[in-house]
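Peer 1: Residue numbering for the sequence shown is 10 to 164, as defined by the working numbering.
For glycine and all other residues, C-beta sits at the position ideal for the given N, C-alpha and C.
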Amino acid sequence: MPEDRSDEQLVAAYLKGEEQAFSGILDRYQKRLIAFIYPTVRNYAEAEDIAIEVLEEAWKSLKRFDKQKSSFKTWLFLIANQRKIDKLRKKDREIKTTTLIPEEVPNTGDIVVDMQEIESSSQNRVLALVEANNDIEINEIKAKCLAVLSDNDRL
10 MPEDRSDEQL VAAYLKGEEQ AFSGILDRYQ KRLIAFIYPT VRNYAEAEDI
60 AIEVLEEAWK SLKRFDKQKS SFKTWLFLIA NQRKIDKLRK KDREIKTTTL
110 IPEEVPNTGD IVVDMQEIES SSQNRVLALV EANNDIEINE IKAKCLAVLS
160 DNDRL
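1) Counting pairs of Cβ atoms below 8 Å between the stretch 71-78 and the stretch 42-55, do you hit three or more?
2) Return helix, strand or coil for residue 15, following the three-state DSSP convention.
3) Below 6 Å CB to CB, which residues in the same chain sit around residue 63 once its five sequence neighbours on both sides are set aside?
4) By how many angstroms is the C-alpha of residue 94 removed from the C-alpha of residue 102?
5) Hey, would you say residue 60 sits closer than 7 Å to residue 39, going by beta carbons?
6) In this structure, does DSSP put residue 78 in helix, strand or coil?
7) When you compare each of 47, 65, 83, 75 to residue 96 by their alpha carbons, which one comes out closest?
8) Less than 7 Å separating the beta-carbons of residue 20 and residue 86?
9) Measure the C-alpha to C-alpha separation of residue 24 and residue 17 and round it to an integer number of angstroms.
10) Is it buried or exposed, residue 33, if we count other Cβ atoms within 10 angstroms and call 16 or more buried?
11) Nearest-angstrom Cα distance between residue 35 and residue 22?
12) In its own chain, which residues sit with a C-beta less than 7 Å from the C-beta of residue 45, not counting the 5 before and 5 after it?
13) Consult DSSP for residue 129 and reduce its assignment to one of helix, strand or coil.
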């Protein structure tokens, strides 16, 4: 049965000790958060996980929510936006460290990728050589990587 109370009423009820009030918030926003997060992460399970993290963070910091600064919905979706950005940054760092740093080559300042090793997976083709010490912008690296992919392999 859908919750008839407003967000602010649910928050106030929860803060007064009505534990079930937060269930109304969960029911109201879990699917909405997943729908908001999914286009960014493009993985449903990951979007669900982030939505759960957002709701958990909201639950833990509900006492700090200030209805004078924003609506509950705005506050919740600001948390969600920050979590999905954090997830993208983490993925970007993981890609840089796991894909571009060779295990067999000593730290010479060059980043080498063995193209024969990744030839079978066209989605994973990357730039063969990038100087690690240059201040190359990430967009420049992305453009070079995209140049390696055929039109069919691009998402």
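Peer 2: Here's the rundown:
1) no
2) Position 6 of the sequence shown, counted from the start, is the residue given in the question as residue 15. Coil at residue 15, not helix or strand.
3) By one-based count along the sequence shown, residue 63 stands at place 54. Once the five neighbours on either side are set aside, the close Cβ partners of residue 63 are 42, 88, 89, 92.
4) What you label residue 102 is simply residue 93 of the sequence shown in a count that begins at 1. What you label residue 94 is simply residue 85 of the sequence shown in a count that begins at 1. Taking the straight line from one Cα to the other gives about 12 Å.
5) Reading the sequence shown from its first residue, position 51 is the one you call residue 60. Reading the sequence shown from its first residue, position 30 is the one you call residue 39. In this structure, residue 39 lies closer than 7 Å to residue 60 by Cβ.
6) For the purposes of this step, residue 78 is identified with residue 69 of the sequence shown, where counting begins at 1. Of the three classes helix, strand and coil, the one that applies to residue 78 here is coil, per DSSP.
7) By 1-based counting over the sequence shown, the position of residue 96 is 87. Checking every option, the nearest Cα to that of residue 96 belongs to 47.
8) Here residue 20 refers to the residue found at position 11 of the sequence shown. Here residue 86 refers to the residue found at position 77 of the sequence shown. With respect to the 7 Å criterion, residue 20 and residue 86 are not classified as neighbours on the basis of their beta carbons.
9) Looking up residue 24 in the sequence shown gives position 15. Looking up residue 17 in the sequence shown gives position 8. Straight-line spacing of the CA atoms in residue 24 and residue 17 works out to 11 Å.
10) Residue mapping note: residue 33 aligns to position 24 of the sequence shown, counting from 1. Answer is buried; the Cβ neighbour count reaches 16.
11) Along the sequence shown, one-based indexing puts residue 35 at 26. Along the sequence shown, one-based indexing puts residue 22 at 13. Taking the straight line joining both Cα atoms gives about 14 Å.
12) Indexing the sequence shown from 1 puts residue 45 at position 36. Excluding sequence neighbours, residue 45 sits near 86, 89.
13) Mapped onto the sequence shown, residue 129 falls at position 120. With a pLDDT of only 38 at residue 129, under the threshold of 50, the placement of this residue in the model should not be trusted, and no figure is reported.
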